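**Student:** Below you will find the structure I want to go over with you.
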Amino acid sequence: MSNNRRKKRIGILTGGGDAPGLNAVIRAVVHTAMNDFNVEVLGLRNGFDGLVEPEDMIVLSHSQVRGILSHGGTILGAANRGNPFSRKTIVNGKEVISDMSEQALDNIDRLELDSMIVVGGDGTLTISKALYDKGAPIVGVPKTIDNDMGGTDVTFGFDTAMRTAAEALDKLHTTAESHSRAMILELMGRNAGWIALGAGIASGADSILIPEIPFDLTPVINRFEERAANGSNFNIMSVAEGSRSKGGKQQYKDDAGLYSGRLGGIGQTIADELRIDSGIDSRCTVLGHLQRGGSPTPYDRWLASLYGAGATRLAMAGAYGMMVNLQGREIGSISLSDAVAQTPKIVNPDGDLITAARGLGIVFGDE
Ligand code: F6P
761 MSNNRRKKRI GILTGGGDAP GLNAVIRAVV HTAMNDFNVE VLGLRNGFDG
811 LVEPEDMIVL SHSQVRGILS HGGTILGAAN RGNPFSRKTI VNGKEVISDM
861 SEQALDNIDR LELDSMIVVG GDGTLTISKA LYDKGAPIVG VPKTIDNDMG
911 GTDVTFGFDT AMRTAAEALD KLHTTAESHS RAMILELMGR NAGWIALGAG
961 IASGADSILI PEIPFDLTPV INRFEERAAN GSNFNIMSVA EGSRSKGGKQ
1011 QYKDDAGLYS GRLGGIGQTI ADELRIDSGI DSRCTVLGHL QRGGSPTPYD
1061 RWLASLYGAG ATRLAMAGAY GMMVNLQGRE IGSISLSDAV AQTPKIVNPD
1111 GDLITAARGL GIVFGDE
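By the count of my numbering, the sequence shown reaches residue 1127 at its end, each step adding exactly one.
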């Protein structure tokens, strides 16, 4: 890496789906880099797109990050379809997939970046590991509302998503009771049911369906009937979008390819089945991207700030190929390689959390 400048320079990008707390990371990187190391920070736009084809970059200093700590989204933009190793381009009017990773590496040199901080989930950090293997001076920061990134206890964004989901379940509770209905809330969670489980426990759901535990609706129906016999003729279900019935498959949004690869629809399928099989009046609400939006909770601001500060220190120490992480209450680090190998971090169906939830009377559909 050429470096005849007086000041060192860190690049930062935010990849994958956004999560509340991204701005807090950016702010913490800028403050730590400038205050503690007198280093410049360059923001690249729209995830890895901004490294392959850098446009409209932004030199980040205190004034650019002023007031963003409590803001959702990311001032740098995000992109969850921008893998430099398989980038879609149009050649002679045809879509072709090309490996642009060399271009990404060249741009790190060209922009005189001494290191790159990449904030992302499993997809983004898997790409980061591959770029690091090719020589890129990358440090990772784990982010995802799904909380399924391995190598860390918690990812930022999760706490905010869980709060949004719990608030929705609380609201569904009152209308479920008024109308004697089953209310199903479909939540994000592709491979892991952390949001559905956390919010379900927090809001007193009667049943929780998660990808880790294939379900059968019979125990759910039995629970509804048991409760009805005891005077509570309503039911609250917290369902991860990646859940599937025993022997069944995960459900995708459509077959027409308009939303290819996007999960969705399991909640409505369950509502239909409850009506058809048992005559239970059911409604499904899909919370969708509301879970990714809004102001981060204080916990997510705290975690994201500590991650940003920690990642900057790793970058300045030359600890490339590492990811900042949370171990208990301490900020530490792990190699990107180990973190990616431990992904997805799923709910242990035989673990204490599920045992405790069952003890609370929650049904998982495998009883
Ligand atoms: O990875 C986070 C996530 O929120 C998943 O739970 C969900 O399936 C996906 O992103 C949705 O992504 P998109 O923004 O592409 O619709």
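Heads up, the beta-carbon is just placed ideally off N, CA and C, and yes, glycines get one too.
For clarity, every value in this text was computed on a predicted model and none was experimentally measured.
1. Let me know the alpha helix (DSSP H) ranges lying completely inside the segment 1061 to 1121, each 4 residues or longer, listed in chain order.
2. Mapping the DSSP letters down to three states, classify Ala839 as helix, strand or coil.
3. Measuring straight from C-alpha to C-alpha, what distance separates Asp869 and Lys768?
4. So, is Glu1001 buried or exposed, given that buried needs 16 or more other C-beta atoms within 10 angstroms?
5. If contact is defined by three or more beta carbon pairs under 8 Å, each pair taking one atom from either stretch, is the segment 870 to 883 in contact with the segment 1027 to 1044?
6. Give the DSSP-derived three-state secondary structure of Met876 in the structure shown.
7. Tell me whether Gly883 is buried or exposed, calling it buried when 16 or more other Cβ atoms sit within 10 Å of its Cβ.
8. Taking 7 Å as the line, does the beta carbon of Thr904 fall inside it for any heavy atom of ligand 1?
9. Return the bridge partner residues of Tyr1012 from the DSSP annotation.
10. By the DSSP assignment, the beta strand (DSSP E) with Ser998 in it spans what residues?
11. Since Ala838 contacts Pro1056 with CB under 8 Å, what's their CB separation in whole angstroms?
12. Taking only runs that begin and end inside the segment 788 to 828, name each unbroken alpha helix (DSSP H) of 4 or more residues, in chain order.
13. Have a look at Arg987, Asn951, Gly1111, Gly1039 and flag the residue whose alpha-carbon is nearest the alpha-carbon of Gln1010.
14. Under 8 Å: do the segment 879 to 895 and the segment 1022 to 1031 share three or more Cβ pairs, one atom per stretch?
15. Kindly indicate which three-state DSSP category Leu885 falls into: helix, strand or coil?
**Tutor:** So, from the data block:
1. Within the segment 1061 to 1121, the complete alpha helix (DSSP H) segments of 4 residues or longer fall at 1096 to 1101, 1112 to 1119, listed in chain order.
2. Here residue 839 refers to the residue found at position 79 of the sequence shown. Of the three classes helix, strand and coil, the one that applies to Ala839 here is coil, per DSSP.
3. On the sequence shown, residue 869 is found 109 positions in, with the first residue counted as 1. On the sequence shown, residue 768 is found 8 positions in, with the first residue counted as 1. If I take the Cα positions, the gap works out to 13 Å.
4. Walking along the sequence shown from the start, residue 1001 turns up at place 241. Counting Cβ neighbours within 10 Å, Glu1001 comes out buried, since at least 16 surround it.
5. Between the segment 1027 to 1044 and the segment 870 to 883 there are fewer than three C-beta pairs closer than 8 Å, too few to call the two in contact.
6. Numbered from its first residue, the sequence shown carries residue 876 at position 116. Under the three-state reduction of DSSP output, Met876 falls in the strand class.
7. On the sequence shown, residue 883 is found 123 positions in, with the first residue counted as 1. Burial call: buried.
8. As a first step, residue 904 is located in the sequence shown; it is residue number 144 there, counting from the start. If you check the C-beta of Thr904 against ligand 1, you find a heavy atom less than 7 Å away.
9. Along the sequence shown, read from residue 1 onward, the residue named residue 1012 stands at position 252. Answer is Leu1023, bridged to Tyr1012.
10. Position 238 of the sequence shown holds residue 998. Ser998 -> beta strand (DSSP E) spans 995 to 1000.
11. Working through the sequence shown from its first residue, we reach residue 838 at position 78. Working through the sequence shown from its first residue, we reach residue 1056 at position 296. Your pair Ala838 and Pro1056 does not check out as a contact, with CB atoms roughly 15 Å apart and the cut at 8 Å.
12. Every unbroken stretch of the alpha helix (DSSP H) spanning 4 or more residues and falling wholly within the segment 788 to 828 is given here in chain order: 809 to 812, 822 to 825.
13. Numbered from its first residue, the sequence shown carries residue 1010 at position 250. Looking at Arg987, Asn951, Gly1111, Gly1039, the one whose alpha-carbon comes closest to that of Gln1010 is Asn951.
14. Flag = no, the segment 879 to 895 and the segment 1022 to 1031 do not touch.
15. To locate residue 885, count along the sequence shown from 1; it is residue 125. The answer is helix: DSSP assigns Leu885 an H, G or I state.
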